[in-house]
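Residue numbers (our numbering): 1 to 404.
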């Protein structure tokens, strides 16, 4: 039963194991968990096709002990989380939730009349003819996708047709708990280096920005393989990333919560690739904890409880995160020397939790985050030192592939 003396939050999760991520947070709070899956226990199932049922269930609980806010880390849950918050009269997350998931609508909102990057909506193969020859090289990606699924770089019209045929067939066959469709978009490739801006927003006002630098991805895929935190960009370039992020937050109508924005620096311009109305996932929570000593969810909860916003966190060390992505045919993979690789104090395995658990079947192409064998973080007194440690581990990793 909820403690009447404690705040009460709704938190979206995918697995019961994620409950532990919330129960130890400060300030001590009660949580009612929501999930697209039937997790049993006290978790309430949310079916996006029948969102009204979930709203009524949460409204009944809200009458007994009012909720403070809706918390969400999941890209696929952004829309129902925002609509649930609006229905219960809780702090709004984003004015138009679909803008945060629909890459075609998002790009139109972000461009604000600018012609770059151009984007074409692909509902069927015949729509590929609308892609102008001057748009190549370009990016093909699912309109409502995440985790880099189905996202590829294509050099010409022939590659585009082949990639669409392959990626659409695979993507259409996936179960989509958020009930989104199988449309794709083609977008001009934005050149330049890529950076991540994590922003805490209150009533539409950005309170702090935390910047990191992405490693170049391995074409033609867009699987993120590493980040450096904090950013090593010069102050002026960091300011450009922050300004572009703040414009995106305004253009998308994001109201309160963390945002995860991907920015490309192309010459003198900072161009937002995507802006998510939720915090970054994967190893990012561990990165922020290592570098800044903060828990982003605890910061957001404190904000919802009316506590004075803390000053922008200061980095206490440098860190390099890496994702060991396996390329090749579908096989089971293990890391032969995992115990030795992760024996150092300045290298920490993030996922899976134990070196002995680095043993999984990977799908092979097309590559996305499901091809990750493990994630880890190396720390050091400088970005160069942390990157050297991380890169050395990647070079020394001995991946074993099971026979057919």
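Think of the CB as a built atom: it goes at the ideal place given N, C-alpha and C, for glycine as much as any other residue.
Own chain residues within Cβ distance below 7 Å of residue i, not counting five before or after
i           : result
residue 405 : Outside the displayed span of the chain (1 to 404) sits residue 405, for which this structure offers no information.
residue 61  : 32
residue 490 : It is not possible to answer for residue 490, since the shown part of the chain is limited to 1 through 404.
residue 130 : 120
residue 281 : 73
residue 402 : 331, 332
residue 90  : 67, 69, 70
residue 159 : none
residue 358 : 334, 335, 338, 352, 373, 374
residue 137 : 153, 154, 155, 189
residue 368 : 147, 148, 149, 223
Close beta carbons around residue i, own chain, < 6 Å, minus the five adjacent residues each side
i           : result
residue 151 : 141, 222
residue 227 : 212, 214, 321
residue 375 : 283, 323, 350, 351
residue 12  : 34, 72, 74, 77, 81
residue 21  : none
residue 312 : 208
residue 342 : 349, 355
Check whether residue i and residue j have beta carbons under 9 Å apart
i           : j           : result
residue 360 : residue 72  : no
residue 66  : residue 82  : no
residue 314 : residue 288 : no
residue 106 : residue 252 : yes
residue 378 : residue 348 : yes
residue 124 : residue 165 : no
residue 237 : residue 270 : yes
residue 27  : residue 303 : no
residue 172 : residue 220 : no
residue 161 : residue 128 : yes
When the options are compared against residue i, the one with the closest alpha-carbon
i           : options            : result
residue 111 : 274, 401, 373      : 274
residue 56  : 386, 282, 87, 294  : 87
residue 197 : 204, 225, 249      : 249
residue 76  : 144, 59, 132       : 144
residue 214 : 320, 276, 165      : 320
residue 5   : 291, 23, 30        : 30
residue 243 : 261, 353, 256      : 261
residue 422 : 9, 355, 317        : Residue 422 is absent from the model: the chain starts at 1 and stops at 404.
residue 58  : 245, 10, 271, 157  : 10
residue 258 : 211, 234, 202      : 202
residue 340 : 323, 268, 392      : 392
residue 233 : 375, 193, 246      : 193
residue 264 : 64, 91, 205, 217   : 217
residue 310 : 162, 123, 167, 207 : 207
residue 255 : 276, 267, 237      : 276
residue 122 : 137, 113, 103      : 103
residue 445 : 300, 179, 268, 357 : Residue 445 lies beyond the stretch modelled for the chain, which goes from 1 to 404, so this question has no answer here.
residue 23  : 297, 177, 246, 153 : 297
residue 94  : 21, 390, 204       : 204
residue 231 : 354, 384, 295      : 384
residue 247 : 109, 328, 390      : 109
Sequence-distant residues of the same chain with beta carbon closer than 8 Å to residue i, five excluded per side
i           : result
residue 14  : 35, 36, 37, 74
residue 382 : 318
residue 92  : 82, 85, 86, 255, 256
Through-space distance from residue j to residue i, alpha-carbon basis
i           : j           : result
residue 25  : residue 286 : 15 Å
residue 396 : residue 337 : 9 Å
residue 8   : residue 52  : 21 Å
residue 240 : residue 183 : 32 Å
residue 225 : residue 323 : 5 Å
residue 139 : residue 186 : 6 Å
residue 39  : residue 156 : 45 Å
residue 42  : residue 19  : 11 Å
residue 210 : residue 344 : 27 Å
residue 386 : residue 380 : 5 Å
residue 174 : residue 100 : 21 Å
residue 394 : residue 49  : 43 Å
residue 191 : residue 268 : 12 Å
residue 153 : residue 115 : 20 Å
residue 149 : residue 167 : 9 Å
residue 272 : residue 117 : 10 Å
residue 229 : residue 245 : 18 Å
residue 113 : residue 308 : 37 Å
residue 195 : residue 388 : 20 Å
residue 406 : residue 17  : The requested residue 406 does not occur in the structure, where the chain is confined to residues 1 to 404.
residue 180 : residue 295 : 31 Å
For residue i: DSSP bridge partner residues
i           : result
residue 229 : 319
residue 184 : 122, 142
residue 265 : 193, 270
residue 202 : 205
residue 30  : 8
residue 260 : 198, 276
residue 382 : None, per the DSSP bridge assignment.
residue 103 : Beta-bridge pairing links residue 103 to no other residue.
residue 327 : BP columns for residue 327 are empty, so no partner.
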